[in-house]
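These notes concern the structure reproduced below.
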Amino acid sequence: MKITEFLKHNYRHFNAAALIDAAEGYKTHLDNNGKMMITLAGAMSTAELGISLAEMIRQDKVQIITCTGANLEEDVFNLVAHDYYERIPNYRDLSPEQENDLLARHMNRVTDTCIPEMEAMRRIEDVILEEWVKADQAGEAFFPHEFFYKILLSGKLDKSFQIDPKNSWLLEAAKKNLPIIVPGWEDSTLGNMYAGHVISGDIKDVHTVKGGIQYMMFLADWYTNNAKEDSTVGFFQIGGGIAGDFPICVVPMLHQDLQRDSIPLWGYFCQISDSTTSYGSYSGAVPNEKITWGKLGIDTPKYIIESDATIVAPLVFAIVLDQ
0 MKITEFLKHN
10 YRHFNAAALI
20 DAAEGYKTHL
30 DNNGKMMITL
40 AGAMSTAELG
50 ISLAEMIRQD
60 KVQIITCTGA
70 NLEEDVFNLV
80 AHDYYERIPN
90 YRDLSPEQEN
100 DLLARHMNRV
110 TDTCIPEMEA
120 MRRIEDVILE
130 EWVKADQAGE
140 AFFPHEFFYK
150 ILLSGKLDKS
160 FQIDPKNSWL
170 LEAAKKNLPI
180 IVPGWEDSTL
190 GNMYAGHVIS
200 GDIKDVHTVK
210 GGIQYMMFLA
220 DWYTNNAKED
230 STVGFFQIGG
240 GIAGDFPICV
250 VPMLHQDLQR
260 DSIPLWGYFC
270 QISDSTTSYG
280 SYSGAVPNEK
290 ITWGKLGIDT
300 PKYIIESDAT
310 IVAPLVFAIV
320 LDQ
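Take the sequence shown: its position 135, counted from the start at 1, is 134 in numbering that gives the first Met the number 0, and no numbers get skipped.
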């Protein structure tokens, strides 16, 4: 039995039904000549979402991605250091002393998965630093994702791959030169490393890596050129935080600050969230709240799946991919 057949037979109520509705809405949006943005919060790259997201990229089921700096780099960390990762199923039982032992071994824990500093983070730092310095000395500037595209497409890392490269979503995105928005990139391991290299003088111009305002300007142009009345852009949000909050604001910015009133609102919205609706949490806000901010309309298809994205997202993708 196909995955889609299994899901449609068994997923009939509550969050299970919301998953089906959201996936079917995603397909309908694409069938109506729409485009889709996927936003990645949390640690989805370390959760190896690339296994399914890379296929979505290959099959043109996503046209633009917004992600945190962590998700940008952690897909590449996994690509080159997967064999050195350690899984700790009993992470809830770890004592402070055991956590400190992981620190001493340079094993950075993300829930049940430890990322090895030397094999992952420092290996990528060595390669990307060359590109940072090269651009800095030439007086050039690029976005964070563009520097990653450079090192991935250069072939310098090919011999270090420890997973099937088809399961790296960022490598697939690089091949297609997919637009990526990375708000708050400085809040990442490589962002910290970059700051260190600027402080130490290895990089002279802090703006060699472009920042968030430039990303919003790029997104404003992209959205203006791609959102049409007969081809709107949808918004598929995985998790909360800046990965979702930053890009969704491009629409009210275009309308209210640039007076581009003819540009349509987001044409589809879905959020996979485990954030509860309470106490001013924007990540946990129901989609209708976004109507008041000029992001979604009354008739915009809206879905919220309150569940674990590591479980839900691959299933939604499976339906979209007709698996």
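By construction, the Cβ of each residue, glycine as well, lies at the ideal position given by its N, Cα and C atoms.
- Remark: C-beta atoms of Ala119 and Leu152 do not approach each other more closely than 8 Å.
- Selection Arg104, Ala103, Leu102 and Thr112 evaluated against Asn89 yields Thr112 as nearest (Cα-Cα).
- When Cβ pairs closer than 8 Å are counted between the two stretches, the stretch 186 to 193 is seen to touch the stretch 65 to 79, the count reaching three or more.
- Between Ile303 and Gln270, the CB-CB gap stays under 8 Å.
- Taken through DSSP and simplified to helix, strand or coil, Lys7 comes out as helix.
- The stretch 28 to 75 contains, as complete alpha helix (DSSP H) runs of 4+ residues, the segments 49 to 57 (chain order).
- Ala317 is not a Cβ neighbour of Leu48, given a cutoff of 8 Å.
- Per DSSP, the beta-bridge partners of Pro115 are Met106.
- Measuring C-alpha to C-alpha distances from Lys175 to each of Met252, Ser159, Gly296 and Val61 identifies Val61 as the nearest.
- Here Glu85 carries a strand assignment [DSSP, helix/strand/coil].
- In the three-state DSSP reduction, Phe160 falls in the coil class, being neither helix nor strand.
- Beta-bridge pairing by DSSP links Ile237 to Leu39 and Ile271.
- Counting C-beta pairs with one atom in each stretch, the stretch 197 to 216 and the stretch 139 to 149 have three or more that are closer than 8 Å, which means they touch.
- Checking the DSSP bridge columns, you'll see Lys301 partnered with Phe268.
- Bridge pairing for Val311: absent [DSSP].
- The C-beta distance from Leu257 to Leu295 rounds to 19 Å, too long to fall under 8 Å, and the pair is not in contact.
- Of the residues Val126, His8 and Ala21, the one whose Cα lies closest to the Cα of Phe235 is Ala21.
- Positions of the alpha helix (DSSP H) runs, each at least 4 residues long and wholly inside the stretch 201 to 252, are given as 211 to 225 and 241 to 247 in order along the chain.
- In the same chain as Met0, and ignoring 5 residues on each side of it, no C-beta atom comes closer than 7 Å to its own.
- One alpha carbon belongs to Lys203, the other to Val79, and they sit about 29 Å apart.
- Close CB contacts of Ile63 within its chain, under the 6 Å cut and outside five residues either way in sequence, are with Met36 and Pro178 (chain order).
- Taken through DSSP and simplified to helix, strand or coil, Ile262 comes out as coil.
- Annotated three-state conformation of Phe141 is strand, per DSSP.
- If you compare the alpha carbons of Thr223, Ile237, Glu54 and Glu73 with that of Asp307, the shortest gap goes to Ile237.
- In this structure Val315 is buried. Its beta-carbon is surrounded by 16 or more other beta-carbon atoms within 10 angstroms.
- Going by DSSP, His196 is part of the alpha helix (DSSP H) stretching over Thr188 to Ser199.
- The beta carbons of Ile123 and Phe160 sit about 13 Å from each other, so the pair does not count as a contact at 8 Å.
- Burial of Met43 is indicated by the presence of at least 16 other C-beta atoms within 10 angstroms of its C-beta.
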